[in-house]
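A short write-up of the structure that comes next.
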Amino acid sequence: MRQPLVVGNWKMNGRLGEAEELARAIAGAEVDWEHVSSGICPPFPLIDRVASAVQDSPVGWGAQNLHQEDSGAFTGEVAGPLLKDLGCTYVIVGHSERRDLFGESNELVAEKFFAAKRNGLIPILCVGETEAERDAGKAGEVVREQVQAVLGDGKEDVFRDAVIAYEPVWAIGTGRTATPEQAQEMHALIRGLIKEAYPITGQSLKILYGGSMKAASAPELMAQEDIDGGLIGGASLKADEFIGILRAAV
Ligand code: PEP
């Protein structure tokens with residue numbers, strides 16, 4: 537049995553006061569916490585505040601990105617050891633906004649994935665196709681390549697203690713959620729890939745869906761066999777929506 541996981545990606549949103557308020561509302565919500573895990577990934581400067589707001593609750597926290605090196609002359613970047621010091625459990629790597637707007641390649645994303653693991657953080661590897669790629673019938677191929685870039689030669693069980701989020705780019709922030717069937721098909725493909733190399737890890741790996749998920753669309757998506765929760769953008773900024781998704785996950 538895979539326990540569902542619901543993670544909020546606040547992106548570049550939130551100020552000091554409202555961040556604490558939102559984090560407290562989530563941590564204090566009536567949710568069946570024994571059967572769902574959760575995390576909040578705020579902007580870097582808010583991590584410590586969110587951590588204080590949710591500590592002693594079942595809600596964890598994480599970051600939206602990290603640098604592939606552990607320290608050095610990389611102005612403006614943040615490295616894994618500091619995220620670990622801040623008590624982060626999760627770090628998102630390869631979000632489509634990072635791939636698209638900041639030019640992160642499959643190879644760089646893989647380096648960040650391993651930097652997270654090296655520092656005892658759980659990487660949430662985001663994969664997903666653009667609309668043009670889907671229309672061209674290439675969704676499976678694109679996602680396979682993104683996963684393969686991390687899996688490499690398959691000699692190491694790299695997805696143990698990791699999470700994958702399938703996030704079709706055309707569904708992120710657009711209000712267009714993938715249908716449960718579209719999402720399930722891709723989740724099954726991803727799980728199949730990992731299972732081929734590592735059957736036990738493939739079976740236990742959490743694969744989250746991300747892309748305009750809301751409390752209303754969550755139940756049908758979460759009911760799919762290979763969907764184990766959600767990576768939530770816009771709806772994670774509204775306590776009621778995020779709590780609704782947490783409830784739908786159980
Ligand atoms: C995301 O950015 O990871 C995401 C899923 O965003 P949204 O829920 O707003 O589509």
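Position 223, counted from 1, in the sequence shown is what this note's numbering calls 759; the numbers after and before it change by one each time, with no gaps. Glycine included, C-beta positions come from ideal geometry on N, C-alpha and C.
For alanine 751, the three-state DSSP class (helix, strand or coil): coil
Indicate, with yes or no, if ligand 1 has a heavy atom lying under 7 Å from the CB of asparagine 545. yes
Proline 659 versus proline 579 - alpha carbon distance: 16 Å
Ordered along the chain, which non-local residues of its own chain (more than five positions away) have a Cβ less than 7 Å from that of alanine 555? Pro578, Leu582, Arg585 and Val586
Alanine 724 - partner residues in DSSP beta bridges: Note: alanine 724 sits in no beta bridge, so no partner.
Going by the C-beta, is serine 748 closer than 7 Å to any heavy atom of ligand 1? yes
Could you pull out every residue in the same chain whose Cβ sits closer than 6 Å to the Cβ of alanine 821, ignoring the five residues on either side in sequence? What is shown of the chain runs 537 to 786, which leaves residue 821 out entirely.
What number of angstroms, rounded off, separates the C-alpha of glutamate 640 from the C-alpha of arginine 634? 6 Å
Please report the distance separating the alpha-carbon of glutamine 604 from that of arginine 712. Going from the Cα of glutamine 604 to the Cα of arginine 712 covers about 32 Å.
What does DSSP give as the partner residue(s) for leucine 541 in the beta ladder? Ser573 and Gly765
With DSSP collapsed to three states, give me the class of isoleucine 660. Reduced to three states, the DSSP call for isoleucine 660 is strand.
Determine the direct distance from the alpha carbon of aspartate 693 to that of arginine 680, and round the result to whole angstroms. If I take the Cα positions, the gap works out to 17 Å.
Could you check whether the Cβ of histidine 723 sits closer than 7 Å to any heavy atom belonging to ligand 1? no
Three CB pairs or more closer than 8 Å across the stretch 538 to 549 and the stretch 767 to 782: A contact exists between the stretch 538 to 549 and the stretch 767 to 782.
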